[in-house]
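Data first, discussion second: the structure below is written as structure tokens.
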Amino acid sequence: GGPHIGYDMVWPMSIMMKAFTSQNDAEIKTCIKMLMDTDAGTGFMHESFHKDNPKKFTRAWFAWQNTLFGELILKLVNEGKVDLLNSIQ
Numbered sequence: 003g004g005p006h007i008g009y010d011m012v013w014p015m016s017i018m019m020k021a022f023t024s025q026n027d028a029e030i031k032t033c034i035k036m037l038m039d040t041d042a043g044t045g046f047m048h049e050s051f052h053k054d055n056p057k058k059f060t061r062a063w064f065a066w067q068n069t070l071f072g073e074l075i076l077k078l079v080n081e082g083k084v085d086l087l088n089s090i091q
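Under the numbering used here, residues 3 to 91 are what the sequence shown spells out, in order.
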């Protein structure tokens, strides 16, 4: 986060970038799970979410985050990591 949205707010984009750049399947899985668990039940990524309460978020619809998440999933599929994706609960 930062002054724009608050210091206790997490940007899902930062978690996505960690997954994009990681070579460690366990770390990638943790990132994807965290992203899925912090959508506040909406099925969408948000601009940010509160570190202690993902139901407190900014921008209910933020196409940039949703598009980047889709790109991450496609990258993992193209890299043959379908089993990793299917193992996320």
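Beta carbons: idealized from backbone N, C-alpha and C, even for Gly.
Note the first and the last residue of the continuous beta strand (DSSP E) segment covering S50.
For the purposes of this step, residue 50 is taken as residue 48 along the sequence shown, with counting starting at 1. S50 -> beta strand (DSSP E) spans S50 to H52.
Can you name, in chain order, every residue of its own chain whose Cβ lies under 6 angstroms from the Cβ of I7, other than the five neighbours on each side?
The residue labelled residue 7 in the question sits at position 5 within the sequence shown. Once the five neighbours on either side are set aside, the close Cβ partners of I7 are S50 and T60.
Closest to Q67 by CA distance: which of Y9, M15 and D10 is it?
Here residue 67 is taken as the residue at index 65 of the sequence shown, counted from 1. Comparing Cα positions, the closest option is M15.
Given a cut-off of 8 angstroms on the beta-carbon distance, is the pair L87 and I75 in contact?
Numbered from its first residue, the sequence shown carries residue 87 at position 85. Numbered from its first residue, the sequence shown carries residue 75 at position 73. Going by C-beta atoms, L87 is nearer than 8 angstroms to I75.
Supposed close pair F71, M19 - CB separation, criterion 8 angstroms:
Within the sequence shown, the letter at position 69 stands for residue 71. Within the sequence shown, the letter at position 17 stands for residue 19. Not confirmed; about 11 angstroms, so no contact.
Give me whichever residues DSSP pairs with T60 in a beta bridge.
Here the question's residue 60 lines up with position 58 in the sequence shown. In the DSSP output, where bridge partners are listed per residue, T60 has S50.
On the DSSP letters alone, give me the boundaries of the alpha helix (DSSP H) that I75 sits inside.
Here residue 75 is taken as the residue at index 73 of the sequence shown, counted from 1. Here the alpha helix (DSSP H) through I75 covers A65 to N80.
Answer with buried or exposed for P56, where buried requires no fewer than 16 other C-beta atoms within 10 angstroms of its C-beta.
Taking the sequence shown and counting its residues from 1, one reaches residue 56 at position 54. Result: buried.
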